[in-house]
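My numbering numbers the first residue of the sequence shown as 427 and each following residue consecutively.
Ideal Cβ positions, reconstructed from N, Cα and C, are used throughout, including at glycine.
In this text, all values refer to a predicted model and were calculated from it rather than measured experimentally.
In what follows, a single structure is set out as structure tokens and then discussed.
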Amino acid sequence: MEIHQWLREKRREKGYTQKWVSLQLHITRQGLSNWENGRSYPS
């Protein structure tokens, strides 16, 4: 399992929305979506 798949799976297991997680991480929801879809990764 790749990191982007793991991120999405864990977020869904906890029942968190992308919006909630992105607010906690101080990033945009689109940025989190990009991480979860493997289009970009955190630096």
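Going by other Cβ atoms of all chains shown within 10 Å of its Cβ, with 16 needed for buried, is residue i buried or exposed?
| i | result |
| --- | --- |
| GLU435 | exposed |
| LEU458 | buried |
| GLU439 | exposed |
| TRP461 | buried |
Where does residue i sit, in a helix, a strand or coil, going by DSSP?
| i | result |
| --- | --- |
| ASN463 | coil |
| TRP428 | Per the sequence presented here, residue 428 reads as Glu, with Trp not at that position. Three-state result, GLU428: coil. |
| SER448 | helix |
| GLY441 | coil |
Tell me the rounded alpha-carbon separation between residue i and residue j.
| i | j | result |
| --- | --- | --- |
| PRO468 | ILE429 | 11 Å |
| ARG444 | ARG455 | The amino acid occupying residue 444 in the given sequence is Gln; Arg does not appear at that position. Cα to Cα, GLN444 sits roughly 6 Å from ARG455. |
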